[in-house]
Amino acid sequence: MPPRSAHSSEEGTVMSEQWNKYSATAARRHGKPGRELRPNSINIDVHSHVAVPAAAEFVEPYLDWATIPLAHFADAATKALSQKQEADVRSRSGHEQRLSDLDAMGIDVQIIAPPPPQCYYTVPLDIAVKATRIVNDGIAEFCATHPERFKGFGAVPMTDGVEAAKELERCRKQLGF
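The opening position of the sequence shown corresponds to residue 1 in UniProt numbering, with each subsequent residue numbered one higher.
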């Protein structure tokens with residue numbers, strides 16, 4: 001596939017061929033044979049995200065996009081590429097599609113974490129605490145569908161150490177992260 005880039009023009013952002021595509025890592029062989037030739041070990045993907053729509057809906061009225069560095073400092077090309085990536089990820093984030101992708105790549109277990117935009121650092125503390133609980137509950141619900149394949153990795157409200165410790169304990173003791 002030819003490289004893809006985004007650039008701004010007088011007509012707006014123009015997307016050429018996609019260059020930043022999510023795919024299997026290049027570090028090892030993929031597909032068949034792959035799993036058959038691999039040592040008898042467990043392959044764990046430790047970097048994966050699942051967005052929790054309920055948390056996004058809850059926190060939306062409290063977000064000030066000007067205070068979020070990733071949004072504030074992004075130019076039009078970066079924003080266009082981010083929107084394309086989000087659409088790609090959304091189309092591949094259901095349980096069955098994800099399991100199919102994991103099987104194709106020879107991945108046995110996937111660690112599921114919230115995406116960076118769902119670590120709510122810029123909202124008032126009481127909102128961040130509730131939003132973080134919603135995020136972690138959503139991650140736990142996602143993982144519960146296939147607990148042998150998905151393991152949760154939660155978020156904590158980092159703007160307050162006491163609240164962060166409380167949520168960390170809840171994640172460990174109640175949600176099993």
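The beta-carbon is built from N, C-alpha and C at its ideal position, and this holds for glycine as well.
In the DSSP assignment, residue 45 falls within the unbroken beta strand (DSSP E) covering 44–49. Where residue 153 is concerned, there is no enclosing alpha helix (DSSP H), because DSSP gives it neither an H nor an E.
The beta strand (DSSP E) runs lying completely inside the segment 87–121 and spanning 3 residues or more are 109–113, given in chain order. Per the Cβ contact rule, the segment 67–75 is not in contact with the segment 141–148 (fewer than 3 Cβ pairs under 8 Å). Minimum Cα-Cα distance from residue 131 among the listed residues 41, 163, 102 corresponds to 163. Here residue 167 is buried, its C-beta having at least 16 other C-beta atoms within 10 Å. For residue 60, no alpha helix (DSSP H) encloses it, and the DSSP letter there is neither H nor E. A straight-line Cα-Cα distance of about 7 Å links residue 43 and residue 106. Taking 9 Å as the cut-off, the beta carbon of residue 111 is found no closer than this to the beta carbon of residue 59. Only buried fits residue 137, as 16 or more other CB atoms lie within 10 angstroms of its CB. Around the beta carbon of residue 118, a 10 Å sphere encloses 16 or more other beta carbons of the protein chains shown; the residue is thus reported as buried. Here the C-alpha atom of residue 165 lies approximately 11 Å from the C-alpha atom of residue 155. For residue 69, the three-state secondary structure derived from DSSP is helix. Assigned with DSSP and collapsed to three states, residue 136 falls in helix.
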